[in-house]
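Residues are numbered in my numbering as their position in the sequence shown, beginning at 1, plus a constant of 69.
Here a beta-carbon is modelled for each residue, glycine too, at the ideal position from N, C-alpha and C.
Because the structure is a prediction, the values reported are computed rather than measured.
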Amino acid sequence: METKILLELDKDPKLHEYLINHSAWYVYLNRDSSNFTNFKKEYKEFKRNTTINKVDKTVENIELLTNVMKIV
Numbered sequence: 070m071e072t073k074i075l076l077e078l079d080k081d082p083k084l085h086e087y088l089i090n091h092s093a094w095y096v097y098l099n100r101d102s103s104n105f106t107n108f109k110k111e112y113k114e115f116k117r118n119t120t121i122n123k124v125d126k127t128v129e130n131i132e133l134l135t136n137v138m139k140i141v
């Protein structure tokens, strides 16, 4: 892996953690450093989806609580 990529991974611990959890990217990044942009795009999409899922769960919990309060 190129030094530039390693330095960027050191700067962002969450990006490094994503790489550890999705280890198939090691192969792609070792083969071609231009895959780093694709890696970052996938990380941002994953992060966005995670945030959306958290918001959805929170909304569902609030709806559940309001329904319980209506019953009581």
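Backbone CA spacing between residue i and residue j [nearest angstrom]
i	j	result
Arg100	Asp81	22 Å
Glu114	Glu71	24 Å
Tyr112	Leu76	17 Å
Asn136	Glu129	11 Å
Val141	Ile121	30 Å
Leu133	Lys139	10 Å
CB of residue i within 9 Å of CB of residue j, strictly
i	j	result
Lys110	Lys83	no
Ile74	Phe105	yes
Start-to-end residues for the alpha helix (DSSP H) that takes in residue i
i	result
Met138	Asn104 to Ile140
Asp79	Thr72 to Lys80
request  = Would you check if the region 120-128 and the region 93-101 touch, i.e. whether three or more CB-CB distances between them fall below 8 Å?
outcome  = Touching, no, given that fewer than three Cβ pairs across the two stretches are closer than 8 Å.
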